[in-house]
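Visitor:
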Amino acid sequence: MTTPLSYSAYTRSEHLRALWPWLPLWGAMALLAIFAHGPMPMFSTRTLAVAWEMWAHGHWLVPHINGEPYSEKVPLLFWLIHAGWAVFGVNDVWPRVLEVIFGGAQLVLTSVLASRLFPGRPWAAKATPWLLMALSYSFLFGLQIMYEVLLVVWVLAALLCLTPTATRAQPRWWLFGIVIGAGLLTKGPVMIVHVIFPLLFGPLWNDWARQNKARWYGFGLLGLLIGFAILLAWALPAGEAGGEAYRQRLFFTQTAGRVVDKHTHGLQNHARPAWYYLLFLPVIAFPLSGWLRGIVALPTALLRKPWRPGTGAAVWITVASLVLLLVSAAFAHFNARVEQALVILAFVPLFVALMRQPIEPGLRFLVAWLFPGLLIFSLISGKQLYYLLPELGGVTMLVAASVADLRERHKGLATHYALGTWPLSVGAFLLAIALFAMPSVVPTRFADNIWLTGMAPYARFFAVIFIVLGALLLLRGRGEMRRLAFAGLIGTVALNALFTMGLWYRYDLAPASAYLAQADAAGRPIGNLGAEYNGQYHFAGRLMHPIARINNVPGMTSSSDDDDDDIVHDGDSLEDFARHHPDGLIVSYAKHPPADAFRYARLIQPSRTGWLMIWDANTLQSLQTGRVPPEPAQPTLLYPQEYWRTRTAMR
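Counting in my numbering, the sequence shown runs from 2 upward without gaps.
(1) State the Cα-Cα distance for the pair PRO630 and SER589, rounded to the nearest angstrom.
(2) Would you give the residue range spanned by the beta strand (DSSP E) that SER589 belongs to?
(3) Specify, as a first and last residue, the run of the alpha helix (DSSP H) that GLN249 falls within.
(4) Measuring straight from C-alpha to C-alpha, what distance separates PRO307 and TRP209?
(5) In the DSSP assignment, find the alpha helix (DSSP H) that holds ALA1 and state where it starts and stops.
(6) Quick one: Cα of PHE359 to Cα of TRP131, how far?
(7) Can you find the residues in the same chain that come closer than 7 Å, C-beta to C-beta, to LEU355, ignoring five residues on each side of it along the sequence?
(8) Within 10 angstroms of its Cβ, does ARG463 collect 16 or more other Cβ (buried), or is it exposed?
(9) Can you look up ILE66 in the DSSP assignment and give me helix, strand or coil?
(10) According to DSSP, is ILE146 part of a helix, a strand, or is it coil?
(11) Where does GLU632 fall in DSSP's three states?
(12) If contact is defined by three or more beta carbon pairs under 8 Å, each pair taking one atom from either stretch, is the segment 165 to 173 in contact with the segment 425 to 441?
(13) I need the boundaries of the beta strand (DSSP E) containing PRO607, first residue and last residue.
(14) Contact check, LEU99 vs LEU133 under 8 Å by CB: the rounded distance?
(15) Among residues of its own chain, excluding the 5 on either side of ILE227, which ones have a beta-carbon nearer than 6 Å to its beta-carbon?
(16) Taking MET614 as part of the beta strand (DSSP E), name the residues at either end of that continuous run.
(17) LEU638 by DSSP, collapsed to three states: which one?
(18) Would ALA242 pass as a contact of LEU62 if the rule is Cβ separation under 8 Å?
(19) With DSSP as the reference, label TYR530 as helix, strand or coil.
(20) Buried or exposed for GLU481, please, with buried defined as at least 16 other CB atoms from any protein chain shown within 10 angstroms of its CB.
(21) Helix, strand or coil: which one does DSSP assign to SER561?
(22) Please report the distance separating the alpha-carbon of ILE318 from that of VAL353.
(23) Excluding sequence positions up to five away, which residues of its chain have a Cβ less than 8 Å from the Cβ of LEU380?
(24) Count the other CB atoms, across all protein chains shown, that sit within 10 Å of the CB of ARG211; report buried if there are 16 or more and exposed otherwise.
(25) Do LEU575 and LEU604 have their C-beta atoms closer together than 8 Å?
(26) Which residues does DSSP list as the beta-bridge partners of GLY383?
(27) Counting pairs of Cβ atoms below 8 Å between the segment 136 to 146 and the segment 490 to 500, do you hit three or more?
(28) Spell out the partners DSSP gives ASN552 in its beta bridges.
(29) Give me the Cα-Cα distance between THR315 and PRO350, rounded to the nearest whole angstrom.
(30) Smallest Cα separation from GLN537: which of ALA52, PRO641, ASN497, TRP27?
(31) Measure the C-alpha to C-alpha separation of PRO512 and GLN519 and round it to an integer number of angstroms.
(32) Could you pull out every residue in the same chain whose Cβ sits closer than 6 Å to the Cβ of PHE487, ignoring the five residues on either side in sequence?
(33) Taking the alpha helix (DSSP H) that LEU304 falls in, what are its first and last residues?
(34) Within the same chain, show all residues whose beta-carbon is closer than 6 Å to that of PHE202, passing over the 5 residues directly before and after it, in chain order.
(35) Can you find at least 3 beta carbon pairs, one from the segment 630 to 645 and one from the segment 538 to 548, that sit closer than 8 Å?
(36) From what residue to what residue does the alpha helix (DSSP H) around GLU392 run?
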């Protein structure tokens, strides 16, 4: 006789069943992809360098990179990395596993948020994690050891705190404040931009907020203050410990530099035009941007008739603004203020019209979250595609809910084959044809293209994979959404594998890092010539000393006030560095290695589109001044060895 399950046990069982099979599938693919190759320069290596330097030198409060306080980031991710290192020792496995955990949490939280927003549409909650894990850009960037995936977790958790459940309408304000604080400690004030608009427009989508406006905004403000109090609990002592320059950058210019161009000196600004996100939105939303049913479902759900007065005019203003922005991006390049005005016109009238439409609360929430957020990020000077990662969960929820609405109200459109995944199938077949032709075409027509020559030997195997995926996307009937998600995920993992096999050797800095590690341990100063150093050798080489940034312009004076010492200064000329540190090493970069490099350099290896070389400082200085240096005691090390053996055999 079987014992019936209790209600709580049954509920837990149902929750676990809801995670099957998408979470195990995604987890397996993410682990396979993230361990296919080492940490990627510069994204992952810079994060690991900061974590390593904090760990090695005991800088628990103030992040450091290359011997200097690092004001660009706040410390929560580094602390989580340190927690694993305290248990398992210093390694690059734990940080990568951590990113996979963050990614899995993102999928679960997105599914839970969708179920709360659309309690009457269970299909939307089931489809959301499938569609999210299909996004190629989100998956690939989730492989980087960076802050955005952890930020996504806090953004989704904060939004969950605001949404009602079946048994509780009032938000969880204290938890909201704590999660805001965690987000602020992950990426800084940008956390607020990701969550503020659902809070500001709460009465437009939340019944409790509409009935209790004073409490909604009062407790919401309290939650924000709690979050900032958590941030200040770290920032105030960190500012004191880091010094005046660090404090100034941390509290003022670091954030301002991303918002306004005039504050960008010495900062990571990433300034781009106002239309940047709108132009690349189909890229970061791929393959959903190629799913015709999802594209048709969006306006069908959001612009449900009868239209309120002004809706038609708002749609036309948006369309006209988008056309003008496309013209500016492709041909005209309008004034920056004109582009910003067009972006405002593209968003604001449509947003106002949509919030007046008779759409369900879940869709109102997503419109209130996504539209103003994308507008603000478009108006901010600094832009990177991965800044929008927290919003991609909202995009997939919007598509899932719109398709669910289409399935209920327009069954013909919901099942018509013409709106299926066949465009993506055509794309997969075309890619398969290109991959199959590469081994025959590349050696004769594209022999100088390092990307194609690297991938060509392995391309035909991957062509078979994309033929299978293309055939899968051509199938009709039930399960279209899951076939789309499966093809998107497997296709992305396949492309990552092709990159690993054919091109990773151009990004693998392990040989150079190992050589520099020996020099650093022996106390030999190291300089980085003519390129900004972003910590790419520090973690892999476990370096304990800074690498100096060396000027490559002959005769340029040092930025140091006093260069009559033996201290390595940023801004030293090569001549100064070689004179003060005759046993020092120089890392240099070139599109093509000079002929002397194969005779005098200590190490040569490919680096992205060019070459990385390590020299004795005196040797390189002699070559640059036209003198003949002494013969090196050891032959030049060439990495990777398989690459050089192949080149020698082809000559």
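All C-beta atoms, glycine included, are put in the ideal place defined by N, C-alpha and C.
Guide: Taking the structure as given:
(1) If you take the alpha carbons of PRO630 and SER589, they lie about 17 Å apart.
(2) First-last of the beta strand (DSSP E) with SER589: 586 to 591.
(3) From DSSP, the alpha helix (DSSP H) with GLN249 extends over 245 to 249.
(4) Their Cα atoms are separated by approximately 27 Å.
(5) Past the edges of the chain, shown from 2 to 652, lies residue 1, and the structure says nothing about it.
(6) Looking at the sequence itself, residue 359 is Pro, so the reference to Phe does not match. Looking at the backbone, the Cα of PRO359 and that of TRP131 are separated by about 28 Å.
(7) These residues qualify, in order along the chain: LEU303, VAL368.
(8) Reading the sequence as shown, one finds Phe at residue 463 and not Arg. Per the 10 Å Cβ criterion, buried.
(9) In the three-state DSSP reduction, ILE66 falls in the strand class (E or B).
(10) Note: ILE146 maps to coil in three-state DSSP.
(11) Three-state DSSP puts GLU632 in coil, outside helix and strand.
(12) Note that the segment 425 to 441 does not touch the segment 165 to 173; fewer than 3 beta-carbon pairs, one per stretch, sit closer than 8 Å.
(13) Element bounds for PRO607: 604 to 608.
(14) With a contact defined as Cβ atoms closer than 8 Å, LEU99 and LEU133 miss out at about 19 Å.
(15) Result list for ILE227: GLY178, in chain order.
(16) Note, MET614: beta strand (DSSP E), 611 to 617.
(17) In the three-state reduction of the DSSP assignment, LEU638 falls in the strand class, which pools E and B.
(18) It is a contact, given that the beta carbons lie within the stated cut-off.
(19) Residue identity differs from the one stated: residue 530 is Leu in this sequence, not Tyr. Shown here, LEU530 sits in a strand according to DSSP, grouped into three states.
(20) When all chains shown are included, GLU481 counts as buried.
(21) Bear in mind that a pLDDT of 42 at SER561, under 50, signals an unreliable position, so the number given afterwards is only what the model happens to contain. DSSP places SER561 in coil when its eight states are reduced to three.
(22) Distance between the alpha carbons of ILE318 and VAL353 is about 12 Å.
(23) Answer for LEU380: ALA275, GLN341, VAL344, ILE345, listed in chain order.
(24) By the beta-carbon neighbour count (other beta carbons within 10 angstroms, threshold 16), ARG211 is exposed.
(25) Taking 8 Å as the cut-off, the beta carbon of LEU575 is found no closer than this to the beta carbon of LEU604.
(26) GLY383 pairs with ALA272.
(27) Using a Cβ-Cβ distance cut-off of 8 Å, the segment 136 to 146 and the segment 490 to 500 are in contact, since at least three pairs of beta carbons, one from each stretch, lie closer than that value.
(28) Partner(s): SER574.
(29) Looking at the sequence provided, one finds Ala at residue 315 rather than Thr. Approximately 5 Å between the Cα atoms of the pair.
(30) In terms of CA proximity to GLN537, ALA52 leads the group ALA52, PRO641, ASN497, TRP27.
(31) For PRO512 and GLN519, the distance between alpha carbons rounds to 11 Å.
(32) Within the same chain, PHE487 has no close Cβ partners at all.
(33) Premise fails: LEU304 is in no alpha helix (DSSP H) and is neither H nor E.
(34) Only ALA369 meet the Cβ criterion.
(35) In short, these stretches do not touch, since the Cβ pair count stays below three.
(36) Residues 390 to 410.
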